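Written out below as structure tokens is the structure these notes cover.
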Amino acid sequence: TTKVNQVGGIVGDLNSGNIEECSIRNYNVNTSGHIRVAGIAGAMVGGTIKNCYVQGEVHSTQTKDGNGIGGILGHALGITPVTIENCITKINYVWSGGGPRLNGAIIGLGNGTVATLKNNVSLSTGTGVYKVHGGNINTNASTNNYELEESELISNASGERVKKVSKDNITKEFFKDSAKFDENIWNLDDVSYDNMPTLKGNKQQENETETNTEEIDANLYIPEYDRIKNTPGFNTNKIKAYNNILKLIEY
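Residue numbers for the sequence shown follow this note's numbering, beginning at 5 and rising by one.
Rendered as structure tokens:
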């Protein structure tokens, strides 16, 4: 539940930075009257968000001034360009109060021509927000974004800037050939509306853990290793460091 403005799943407020290959699953937010709230970044002044995805649900009770609720980015601030590229959202919006105003399933508020959107896919559903962008974006540079045809959110479909895609056409070929997603970054096998693409880095980390398990020095002790090795973020290349930290704890 947000009680402040500028809240994000990765970062709340970012000044001139880049966010790449991040994912938020089971995103669940309750907000009332707050602004600049999103799955990846709440607010951003210059930079890029690329190859990220957010899946979850947003419950929002908004006043007339409740703007900048976004799936990827809440608000692109200032005059420095912001680009959102090859990102996916699959968020269900449960909305009450004012809307849709400047709230969208990829970006909430684009601040005029500051924000450029390329090759993004909104599979988001629900009520109360726009399918892709709430406020104005750079319409000249933004291209090849997709919104879910069956979604009851408010459409942004317009020429090459935002196109429609149906559930039946959510396939590997769609993401690879139409939405221009990189197979070196994304796992597109067996993709469907019910089975979103995932970032390959997550799977590679799992494979590394499995591969390196048998190579651990028998003299290094990690309590409950069989359970801990499967914890997200555990790195078998750092076993010696974990063991040394354990030794220091008693001091």
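Built from N, CA and C at the ideal position, the CB exists for glycine as well. Since we're looking at a predicted model, the values are computed, not measured.
Between the alpha carbons of residue i and residue j, how many angstroms are there, rounded?
i: G12; j: N96; result: 17 Å
i: T35; j: N148; result: 31 Å
i: G116; j: T84; result: 11 Å
i: K184; j: N90; result: 8 Å
i: M48; j: L18; result: 5 Å
i: R165; j: V62; result: 25 Å
i: G72; j: V133; result: 10 Å
By a C-beta neighbour count over all protein chains shown, 10 Å radius and 16 as the cutoff for buried, is residue i buried or exposed?
i: V3; result: What the structure shows of the chain is the stretch from 5 to 255, and residue 3 is not part of that stretch, so it cannot be assessed.
i: K171; result: exposed
i: S126; result: buried
i: T5; result: Below a pLDDT of 50, predicted positions are generally treated as unreliable, and T5, at 44, falls in that range; the measurement from the model is reported next regardless. Looking at its Cβ environment, which holds fewer than 16 other Cβ atoms inside 10 Å, T5 is exposed.
i: N142; result: buried
i: N124; result: buried
Could you have a look at residue i and say whether DSSP puts it in helix, strand or coil?
i: D17; result: strand
i: S146; result: coil
i: S27; result: strand
i: E177; result: helix
i: S126; result: strand
i: K168; result: strand
With a cut-off of 8 Å on the beta carbons, I'd call residue i and residue j a contact; round off their distance for me.
i: L77; j: I39; result: Contact doesn't hold; Cβ gap of about 13 Å is too wide.
i: T120; j: T87; result: 5 Å
i: V136; j: E156; result: Rounded, the Cβ-Cβ distance is 14 Å, inconsistent with contact.
i: A80; j: V118; result: 5 Å
i: G51; j: G21; result: 5 Å
Less than 8 Å between the CB of residue i and some heavy atom of the ligand FAD, yes or no?
i: T65; result: Among the ligands in the structure shown, none appear at all, so the ligand FAD cannot be discussed.
Whole runs of the alpha helix (DSSP H) within the segment 65 to 113, excluding any shorter than 4 residues
none
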